[in-house]
Structures are given as C-alpha cells and as structure tokens.
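Before any comments, here is the structure.
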Amino acid sequence: MDLNLLLFLFVIVLLFGITFLLIRKKPKLSAQQFQKNSKKIEITKDLNPAHGILESHKIFITTLQLLFPNKKETAAKLISRIQKRLPNIAQIWKYHGLRNRAAHESGIHISTEQAKLVRENFIRALRALAK
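Per my numbering, the very first residue in the sequence shown carries number 93; after that it's consecutive.
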C-alpha cells in the first residue's frame, strides 16, 4: 500500500477516536434517582449528627455507584471520577474527610449545623449529576 494512503487512514481513525471521546455521554442520574436519594439524605436529619453524616455519605456513594454499576471502587475513587462535574467539589472532599474521621476516630463532635451542611452539599452534588 502507498504510504500516503496509510497515513490518510491513520488520520481518519484518529479523528474518529477523538470525536468519540469528546461526544460520549457522561453517566447521568435520572430525575427519579435524584428525588429518591435526596429524600433519603434528608431523612438522616432525624439521626444523631455523627450517625447522620455516616448515613448521608453512604447514600451519596451508593447513588454514585448507580452511575458506574460495573465498577467496584472506593468512595474516594468514585468522587474523583465525577469531581469535574460538581460545583461544590471542595465541600464534598471536606465532608468525605469528616465522614472518615467520624467513622474512625473516637470522641469526635459533629454539630447539628455541620450535619445539615453535609446533607445540603451531598444533595447539591446529586442535583449537578442529574442535569
């Protein structure tokens, strides 16, 4: 085969590959999934603040797993996969860290206000993933 023809075919395949990567759809939460899981997060307000943070985080991560059903990944890996889509990623990382402290450190105090902010930010992040 002619070298120019091979080069032309290579460029065409490369362009198709780049186009595919640019236009492939990102996983998105359905409106129903958003509503259902947002309500579950809201219900955690009735729990002790530390327990509420643990439960809110668990619901948030379980919802993220709906976007990547064939992947068994840690919570941190799931968050990193979607972080560019979240307007409040700094808060999500902060509350992920707070959740880890609540789960692994004894004597940590979490206020009702902190638990409320955690719920609000997890719901805000889910809303961004449903758009």
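Even for Gly, the Cβ is constructed at its ideal location relative to N, Cα and C. Since this is a predicted model, take the numbers as computed values, not measurements.
- Between residue 207 and residue 144, the gap from beta carbon to beta carbon is short of 8 angstroms.
- In this structure, the straight-line span from the alpha carbon of residue 198 to that of residue 120 is close to 37 angstroms.
- A straight line joining the alpha-carbon of residue 210 with that of residue 170 spans about 17 angstroms.
- Contact between the stretch 145-163 and the stretch 171-182 is present: three or more C-beta pairs spanning the two stretches fall below 8 angstroms.
- Nearest in C-alpha terms to residue 202, of all of 137, 96, 128, is 137.
- Annotation: the continuous alpha helix (DSSP H) that includes residue 130 extends over 123-135.
- Fully enclosed alpha helix (DSSP H) runs of no fewer than 4 residues occupy 167-174 of the stretch 162-188, in order along the chain.
- Per DSSP, reduced to three states, the secondary structure at residue 202 is coil, with no helix or strand assignment.
- In its chain, beyond the 5 residues on either side, no residue has a beta carbon closer than 8 angstroms to the beta carbon of residue 100.
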